[in-house]
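I have placed the structure first, in the form of structure tokens, so that the comments after it can refer back to it.
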Amino acid sequence: MKSFFKKILHDIDWLTNNPIYQLLVSIALVGVSIYDSVKVIIQDVGSLHFKKEHFVILIGVLMLINSINNLFKGVKKLDKSVETLEEERERQGSTR
Numbered sequence: 000m001k002s003f004f005k006k007i008l009h010d011i012d013w014l015t016n017n018p019i020y021q022l023l024v025s026i027a028l029v030g031v032s033i034y035d036s037v038k039v040i041i042q043d044v045g046s047l048h049f050k051k052e053h054f055v056i057l058i059g060v061l062m063l064i065n066s067i068n069n070l071f072k073g074v075k076k077l078d079k080s081v082e083t084l085e086e087e088r089e090r091q092g093s094t095r
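By the count of our numbering, the sequence shown reaches residue 95 at its end, each step adding exactly one.
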């Protein structure tokens, strides 16, 4: 039973460290943040009072910035891993 839970935890850890997963999550967060921000702004165009929804917009913008940052980090990691694989193949080819 312990090995089953260890395997599940290992798989979850592998998934969350996967650059493609991080890229998809970042894109989803960007989409949700933009949708929520536009929805609240359209509802409150006539009202200039500070409401709870405006705080949600601020949090959404911060999430958007974080998501874009994670998106670029994921792309850089993906590029690095591709370059690393190519270099390893070149080294293996030259040693043969």
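In this text, a Cβ means the ideal position worked out from N, Cα and C, and glycines have one as well.
Counting only residues of its own chain and dropping the five nearest sequence neighbours on each side, SER66 has a CB closer than 6 angstroms to the CB of SER25, LEU28, VAL29. Inter-segment contact for the region 30–40 and the region 54–61 is present: three or more beta-carbon pairs are separated by less than 8 angstroms.
The alpha-carbon separation between ASP35 and GLU89 amounts to approximately 48 angstroms. The three-state secondary structure of ASN65, taken from DSSP, is helix.
Here the C-alpha atom of PHE3 lies approximately 25 angstroms from the C-alpha atom of PRO18.
For SER32, the number of other beta carbons within 10 angstroms of its own is at least 16, and it is reported as buried.
Distance between GLU82 and ASP10, taken at the CA atoms: about 25 angstroms. Taken atom to atom, the span from the alpha-carbon of LEU8 to that of LEU70 is near 24 angstroms. The beta carbon of LEU14 sits closer than 6 angstroms to those of TYR20, all from its chain and outside the five residues before and after it, given in chain order.
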